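Below is one structure, written out as structure tokens; the observations come after it.
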Amino acid sequence: FPAGTSETQERDVEMVQKYLENYYNLKNDGKKIVKQKNQSLVVEKLKEMQKFFGLKVTGMPDADTLNVMQQARCGVPDVAE
Amino acid sequence: YVLMEGNPRWDRTHLTYRIENYTPDLPRAEVDDAIEKAFKLWSDVSPLTFTKVFEGQADIMISFVRGDHRDNSPFDGPGGTLAHAFQPGPYIGGDAHFDEDERWTNDFKDFNLYRVAAHEFGHSLGLAHSTDIGALMYPNYQYSDDVQLSQDDIDGIQALYGPSSNPVPPTGPQTPQPCDSKLTFDAITTIRGELMFFKDRFYMRVIPRYPQVEQNFISLFWPNLPTGLQAAYEVTERDEVRFFKGDKYWAAQGQDMLYGYPRDIHRSFGFPRAVRSIDAAVSDEQTGKTYFFVANQYWRYDEYKQSMDPGYPKMIAADFPGIGNKVDAVFQKDGFFYFFHGTRQYKFDPTTKRILSLDKANSWFNC
């Protein structure tokens, strides 16, 4: 893992939250991931994402996962209307 | 490939499109060309046709917009999401939106409009994101100068609309699977303590102490390299990797391509004109001698003197007994040479000139 300051870790948490909301239908209840009561949903979404991209499936936002999340991509809307 | 939920598809094969507005990043003609080429990729492999219209409602409406553009899927400024498209259907169905906060290009720089449009139109036709990294429908942006549908994309569109009427069935490249026991390699090299295997458009990277092989496009690291490399080797003394295809070669330090390449193998290394390409190459970091394998012969080049050693070529079978008459790829690790031919790998001790072990070619991938 790259050494990260608390500031970069905070940014990472926000990035993971936003990514899972955008592409994995994670509901935003206004709280950050680390403060959510139910961590298992985030872990499951992360595992789903890691499996899709052929990453090591850990359920943790490790360096490889963060790297893939930072890449530009297409966002297909969920519904047509 | 993955189809969209409910398998939405157009109920006809002749579709229209309209470009509602143009990005200022490119001349209009370039935008028209990118969009037309993107549609052609899909029409070439299916019964679909696409006709451009200039007014009214088209099946696929194309626009460049930024931020919240009132479709419940706001864009997010530069980077992040580049574009999106809606599944087949009336009104907004099929429409493709490109984020105007991105810089749209017609070359390798971020972000190539043709590449992104080709992906979005896949959604417009009913395809969801594929898990095949070589597919155009893979969700993350990756550019190579030969934008093409993979076999996975072709299978997907034909599952929806049937085969092309072309008498020669169109085919696309398959993505190499690291754990396929039939996998062979174009070239292999060490690079800064790691191993890189090359196959078609892809590299497979073995990183020490990391259990999984990393696979991606060669162009991700070196956008200017051609695909289908034939040989590669590292000169550790110079922190330089050289890549060969045909009678040309390129050099890189890490991710940076060195200036002044490609160069000619005849003038640079002294190969005779009859040598048209290199099968495999490896440089012995102890001696500074580089071995070039061409058909059933090999040459030896001195990296210090920068000249070919006299007395070459010699027969591979004579000096590397047991590895056969042809080499696909070779690299050196811990003093041993690892030769690859077809699906086989030979660990060779250059001191005793003996083969120490025989393995599958993909044995480095922890399959």
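So the sequence lines, in the order shown, correspond to chains A and B. Counted the way the working numbering counts, the first sequence spans residues 53 to 133. Counted the way the working numbering counts, the second sequence spans residues 540 to 906. Glycine included, every Cβ here is placed at the ideal spot set by N, Cα and C. Remember, it's a predicted structure, so these values are computed and weren't measured experimentally.
With a contact defined as Cβ atoms closer than 8 Å, residue 583 of chain B and residue 554 of chain B miss out at about 15 Å.
For residue 743 of chain B, the enclosing beta strand (DSSP E) has its first and last residue at 741-745.
DSSP links residue 644 of chain B through a beta bridge to B:651. In terms of Cβ geometry, residue 764 of chain B and residue 796 of chain B form a close pair [threshold 9 Å].
Against chain B, a Cβ distance below 9 Å from residue 127 of chain A picks out 612, 614, 615, 619, 620, 621, 622, 623 and 678. Straight across, the Cα-Cα distance linking residue 839 of chain B with residue 822 of chain B is about 9 Å. According to the DSSP assignment, residue 779 of chain B belongs to the beta strand (DSSP E) that extends over 779-784. Among the residues of the segment 58-78 of chain A, those with a Cβ less than 8 Å away from any Cβ of chain B are 74 and 75, in the order of the chain. Sequence-distant Cβ neighbours of residue 690 of chain B in its own chain, meaning closer than 7 Å and more than five residues away, are 710, 711, 712 and 713. For residue 581 of chain B, the enclosing alpha helix (DSSP H) has its first and last residue at 567-582. Residues 540 and 666 of the same chain have their beta carbon placed closer than 6 Å to that of residue 695 of chain B, with the five preceding and five following residues left out of the count.
In the three-state reduction of the DSSP assignment, residue 828 of chain B falls in the strand class, which pools E and B. Out of B:814, B:685 and B:635, the CA that lies nearest to the CA of residue 580 of chain B is found in B:685. Check the Cα spacing between residue 828 of chain B and each of B:609, B:751, B:835 and B:841: the tightest is with B:841. Ranking B:817, B:779 and B:543 by CA distance to the CA of residue 785 of chain B puts B:817 first.
A residue is called buried when at least 16 other Cβ atoms come within 10 angstroms of its Cβ; residue 845 of chain B does not meet this threshold and is exposed.
Distance between residue 731 of chain B and residue 831 of chain B, taken at the CA atoms: about 21 Å. For residue 102 of chain A, no chain B residue has a Cβ inside 8 Å of its Cβ, as the nearest lies near 11 Å away. The beta carbon of residue 671 of chain B is closer than 6 Å to those of 691 and 714 in its chain, skipping five residues each way along the sequence. Contact between the segment 636-653 of chain B and the segment 602-618 of chain B is present: three or more C-beta pairs spanning the two stretches fall below 8 Å.
Along the segment 653-717 of chain B, the alpha helix (DSSP H) occurs as fully enclosed runs of 4 or more residues at 690-700, listed in sequence order. Beta-bridge analysis with DSSP links residue 903 of chain B to no other residue. Beta bridge pairing from DSSP links residue 635 of chain B with B:601 and B:624. Boundaries of the beta strand (DSSP E) around residue 774 of chain B: 770-774.
With contacts defined by Cβ atoms closer than 9 Å, residue 771 of chain B and residue 834 of chain B do not form a contacting pair.
Annotation: the continuous alpha helix (DSSP H) that includes residue 858 of chain B extends over 855-858.
Within chain A, the residues placing a beta-carbon under 8 Å from that of residue 662 of chain B are 126 and 128, ordered along the chain. For residue 682 of chain B and residue 102 of chain A, the gap between their C-alpha atoms comes out near 22 Å.
The criterion of a C-beta distance shorter than 9 Å is not satisfied by residue 67 of chain A and residue 107 of chain A. By the 16-neighbour rule on beta-carbons within 10 angstroms, residue 854 of chain B is exposed. Contact annotation: residue 824 of chain B and residue 871 of chain B have beta-carbon atoms nearer than 9 Å. Against chain A, the beta carbon of residue 670 of chain B has neighbours under 7 Å at 104, listed in chain order.
Annotation: the continuous beta strand (DSSP E) that includes residue 728 of chain B extends over 726-730. Proximity of chain B to residue 108 of chain A at the Cβ level (cut-off 9 Å) is accounted for by 749, 750 and 751, in chain order. Judged by DSSP secondary structure, residue 735 of chain B falls within the beta strand (DSSP E) whose first and last residues are 733-738. Residues of chain A with a Cβ closer than 8 Å to the Cβ of residue 650 of chain B are, in chain order, 124.
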